[in-house]
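In our numbering, the protein residues as written are 45 to 119. Before any comments, here is the structure.
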């Protein structure tokens, strides 16, 4: 089975966010998470975005690695 690696920008596209370099930088600069808040519980996600992130992590899908990267980038 082939393991697909998604680029960070592709995750932003999947979430319906600006996936340009500047858009990603702007999002990460303006959205910070304290250590006690789970990524999927962040108040800035829509229900659909939170669901996508949660399912990606729970199912250890091919999105899980880049979702982990997003989590680390928001800390």
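For every residue, glycine included, the Cβ atom is placed at its ideal position computed from N, Cα and C. Owing to the predicted nature of the structure, the values given are computational and were not obtained by experimental measurement.
For residue i, the nearest candidate out of the options (CA to CA)
| i | options | result |
| --- | --- | --- |
| residue 51 | 83, 106, 116 and 118 | 106 |
| residue 91 | 60, 119 and 53 | 60 |
| residue 116 | 95, 72 and 62 | 72 |
| residue 58 | 113, 67, 103 and 93 | 93 |
Residue interval of the alpha helix (DSSP H) (run including residue i)
| i | result |
| --- | --- |
| residue 73 | 65 to 74 |
| residue 117 | 108 to 117 |
| residue 105 | Here residue 105 belongs to no alpha helix (DSSP H), and DSSP marks it neither H nor E. |
| residue 54 | 52 to 58 |
Sequence-distant residues of the same chain with beta carbon closer than 8 Å to residue i, five excluded per side
| i | result |
| --- | --- |
| residue 111 | 55, 83, 97, 100 and 101 |
| residue 118 | 72, 75, 76, 77, 83 and 86 |
Between the CA atoms of residue j and residue i - distance to the nearest angstrom
| i | j | result |
| --- | --- | --- |
| residue 49 | residue 74 | 26 Å |
| residue 63 | residue 69 | 9 Å |
| residue 80 | residue 103 | 22 Å |
| residue 67 | residue 108 | 21 Å |
| residue 95 | residue 114 | 15 Å |
Contacts around residue i, its chain only, beta-carbon distance under 6 Å, and the 5 residues preceding and following it disregarded
| i | result |
| --- | --- |
| residue 88 | 75 |
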